[in-house]
DNA sequence: AGTATTTCTTAACTTAAGTGAACGAGTTCT
DNA sequence: AGAACTCGTTCACTTAAGTTAAGAAATACT
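Chains as they are written, first to last, in my numbering: chain A, 40 to 272; chain B, 40 to 272.
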């Protein structure tokens, strides 16, 4: 178990929740930061995303901003630990987070969430201790909301409930397709597929984490990659 | 491709949708049929299930019943074909349905839905042609609803929207846990796990369908099973 | 800058899944 | 009843992933 805590001085939950409260407030510090690829602020990115589902009034947008849910999170930060109870959901505006289990002293990474992807850990839904860890693998900007907060705002604006329903249904459909694809293909096919569909992941994620994501050992992924290279030549 | 159509005289979509329209109406024919294990009617089973999420008034219950969505479906019926467009969702009151792909002339079964489980195929969400087949592997009683119908009733009773949201979120959480478990375990562990969690499936489902559900070939499942038997003795 | 740690690769060996084929038992069809 | 087909099992062989270990390359730490 030791190694989990050794690779870097882990900032714990308290670290990232207090961080936006420094000097400037969360909005000016985080929400106004511009994305590298274009000039949109984090707020713009969020509202553009939401606009695909429902159209918000200025009042509703302000309600969201006033929740103070924009957070800047450093690479390596653990957002959720195994055994912990939580009510927090995450939405990635910039960066990347991963979920992983620790089984037989080994980390098994099962999912990555990048720009415009949302994660509500199962433990939040079931209100039981978490079975896995969530951590940040790049300096990221996240929306962190808790279910009480959501219940309150959804009570005021039923529109949000509707949006959540549509998103949950879409995500469920996507998750099932991904699962089906995983079941019906070999490790090598899965890797080739990832190259097609999420080439960015292969660049930004360490290979030993990718390996468990593909359901194999790091050595096998390394071998598999060199096998593919041979075929090409 | 031939074999798909040869194992039995397939009843097509038209078959099952017209079936309840015979002699008696759908409600008396199907909804009043009692479950083997107890004396509850299909309607009772449905409303007990719904009661876990929201409480319905008599008016709302009547609205559901008057939709005429209870259907009796014969074993072997194909509910959805690859390439087909559809707006239909299924909820199993009794029996079992499966989803499968046809890849290289082989059926790959990826999921089973049994009593009190719901399936909205991804193609219904994305409004694109279906990538897989859905078929009935036992004589079953299903709720078959289409998205227009749902939109209409959800407009009248926002309560249903709320229920769907909760269900979708729960199902998403469950799907992710199942996927994670699949990724982090070997075929043998998956089989042992299935024995624990859904022993009924192993009884009621043919092994070659179980095999692809476990991500392996039928021969491997057979071998794996005898390996387990040896260990026990 | 130098050391320690982590990450990736390679290799030899073991184990298990994929493949192709054959067989018997049970179904379904005619 | 006989033919055709499905289904599960077994076997021999191939292929690929798991395991263990070692070393090189990259990264982080002081």
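Beta carbons are placed, not taken as given, at the ideal position from N, Cα and C, and that holds for glycine.
CA-to-CA distance, residue 231 (chain A) to residue 270 (chain A), given in whole angstroms: 13 Å
Endpoints, the beta strand (DSSP E) within which residue 182 (chain B) is located: 179-185
Minimum Cβ-Cβ distance from residue 218 (chain A) to chain B less than 7 Å: yes
Test item: CB-CB of residue 217 (chain A) and residue 113 (chain A) under 7 Å: no
Backbone secondary structure at residue 130 (chain B) - three-state DSSP: strand
Those runs of the beta strand (DSSP E) which lie wholly inside the region 195-232 of chain B and span at least 3 residues: none
Segment contact, 8 Å Cβ cut-off, at least three pairs: the region 92-110 of chain A with the region 191-204 of chain A: yes
Burial state of residue 167 (chain A) (16 or more Cβ within 10 Å): exposed
For residue 97 (chain B) and residue 192 (chain B), the rounded distance between their alpha carbons: 15 Å
DSSP three-state assignment for residue 111 (chain A), whether helix, strand or coil: strand
Residue 135 (chain A) in three-state terms, based on DSSP: coil
CA-to-CA distance, residue 109 (chain B) to residue 265 (chain A), given in whole angstroms: 55 Å
Within-7 Å CB hit, residue 161 (chain A) to chain B: yes
Meets three-Cβ-pair contact criterion under 8 Å: the region 134-152 of chain A and the region 209-216 of chain A: no
Residue range of the unbroken alpha helix (DSSP H) whose run includes residue 165 (chain B): 161-165
Close beta carbons around residue 121 (chain A), own chain, < 8 Å, minus the five adjacent residues each side: 140, 141, 168, 169, 170, 171 and 172
Residue 174 (chain B) - containing beta strand (DSSP E), residue span: 172-175
Buried versus exposed call for residue 267 (chain B) [16 or more other C-beta atoms within 10 Å across all chains shown]: exposed
Simplified DSSP assignment, three categories, for residue 241 (chain A): helix
Cross-chain neighbours of residue 254 (chain B) in chain A, by beta carbon under 7 Å: 222
Test: residue 204 (chain B) CB closer than 7 Å to a CB of chain A: yes
Whole-number beta carbon distance between residue 157 (chain B) and residue 128 (chain B), since they are thought to touch under 8 Å: 7 Å
Cβ shell of residue 189 (chain A) (< 7 Å), same chain only, five flanking positions each side left out: none
Rounded Cβ spacing between residue 160 (chain B) and residue 210 (chain B) (contact assumed at less than 8 Å): The Cβ separation is near 13 Å, so there is no contact.
Chain A residues whose Cβ lies nearer than 8 Å to that of residue 140 (chain B): 219 and 223
Rounded straight-line distance, which links the Cα of residue 227 (chain B) to that of residue 263 (chain B): 7 Å
Residue 222 (chain A) burial status per 10 Å Cβ neighbour count (16 or more: buried): buried
Segment limits, alpha helix (DSSP H) that includes residue 252 (chain A): 246-252
Spatially closest choice to residue 148 (chain A) from A:132, A:176, A:238 and A:162, by CA coordinates: A:176
Terminal residues of the beta strand (DSSP E) in which residue 147 (chain B) lies: 145-152
Where the region 179-203 of chain B meets chain A: residues whose CB sits under 8 Å from a CB there: 197, 200, 201 and 203
DSSP three-state assignment for residue 85 (chain A), whether helix, strand or coil: helix
Heavy atom of the ligand ADP within 6 Å of residue 115 (chain A) beta-carbon: By its list of ligands, the structure shown contains no ligand whatsoever, and the ligand ADP lies outside what it can speak to.
Contact with chain A by residue 164 (chain B), beta-carbon distance below 7 Å: yes
Chain B contact residues for residue 80 (chain A), given Cβ-Cβ distances below 8 Å: Here the premise fails: no neighbours, minimum Cβ distance about 29 Å.
Minimum Cβ-Cβ distance from residue 209 (chain A) to chain B less than 7 Å: yes
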